[in-house]
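Q:
Here it is as structure tokens:
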């Protein structure tokens, strides 16, 4: 067999185009066949890069399909859990869910990008999933934000959330006390609520949902049934929204 034919034959065998049984070859035939394939690859090493590209594309397509299936299977928990903050336009035609952590640098980078999309579009429903995964300070911040929502309502929660997303210092009990003071909140009441079972349950449910969706990092966005893992610039988010609208 010539070197020029070795790889095409190998590819044909992998797709079932030929019914050649490699196990039926003699040791000498098998060795000769392997030598022809090796020679072809050495003479045409670019096919390795091409094959890797095809494999990566297939894996990416499979990941996207898996993410869509996961988002659809968990749609009710994503979009209608009854405890997550709902902002933007509650009646919007597109829903964006964000899993975030207040200590996540990429979440902080994504914050103004997301706000830009919400402010310029006006027809997007935006849901926040508190998902503290970066240590005790992250948990402290999420407990504070959720407690604020339960005590003072969604409007105050949104302001506190935005402030925490822009906050650059260490998130400590003292920093949160000053935050309560700036919003004229009863910090003792907020502090008591932070250890309430309701707050623990919300964080637990968000973590369980993230596990179902195979989310391990922040930020992660779910736009309808599209899962977007990691930082996303405003223009790319707008493109995803436009595609979902069929524009």
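Numbering (our numbering), first residue to last: 43 to 289. We put the CB at the ideal spot given by N, CA and C, even for glycine. Note that this is a predicted model, so its numbers are computed, not measured.
State buried or exposed for residue 80, treating a residue as buried only when at least 16 other CB atoms are found within 10 Å of its CB.
A: exposed
Q: Look up residue 172 in the DSSP assignment and say whether it is helix, strand or coil.
A: strand
Q: Does DSSP put residue 289 in a helix, a strand or coil?
A: coil
Q: Starting from residue 130, follow the beta strand (DSSP E) in both directions and report where the run begins and ends.
A: 127–130
Q: How long is the line joining the alpha carbons of residue 20 and residue 217, rounded to whole angstroms?
A: Past the boundaries of the shown model lies residue 20; the chain is included only from 43 to 289, so the question cannot be answered.
Q: Contact between the segment 221–240 and the segment 179–198: three or more CB pairs below 8 Å?
A: yes
Q: Can you tell which of 187, 200 and 150 has its C-alpha closest to the C-alpha of residue 234?
A: 187
Q: Please state if the CB of residue 280 and the CB of residue 159 are separated by a distance shorter than 8 Å.
A: yes
Q: Since residue 167 sits in a beta bridge, which residues does DSSP pair it with?
A: 130 and 137
Q: Within the same chain, show all residues whose beta-carbon is closer than 8 Å to that of residue 287, passing over the 5 residues directly before and after it, in chain order.
A: 135 and 136
Q: Any idea if residue 255 is buried or exposed, counting beta-carbon neighbours within 10 angstroms, 16 or more meaning buried?
A: buried
Q: Determine the extent of the alpha helix (DSSP H) in which residue 249 is found, giving its start and end residues.
A: 239–254
Q: Would residue 232 pass as a contact of residue 184 if the rule is Cβ separation under 8 Å?
A: no
Q: Reducing DSSP to helix, strand and coil, say where residue 67 ends up.
A: coil
Q: Does DSSP put residue 209 in a helix, in a strand, or in coil?
A: coil
Q: Can you tell me whether DSSP reads residue 227 as helix, strand or coil?
A: coil
Q: Measuring alpha carbon to alpha carbon, tell me which of 250, 142, 88 and 238 ends up nearest residue 176.
A: 142
Q: Which residues in the same chain have their Cβ closer than 8 Å to the Cβ of residue 112, if we skip the five residues on either side of it in sequence?
A: 254, 255, 256 and 269
Q: What's the C-alpha gap between residue 250 and residue 152?
A: 23 Å
Q: As a quick exercise: from 149, 275, 167 and 214, pick the residue whose alpha carbon is nearest that of residue 266.
A: 167
Q: Write down the C-beta distance between residue 173 and residue 117 rounded to the nearest angstrom, noting that I regard them as a contact closer than 8 Å.
A: So it is not a contact: roughly 18 Å between Cβ atoms.
Q: When you compare each of 236, 100 and 208 to residue 215 by their alpha carbons, which one comes out closest?
A: 236
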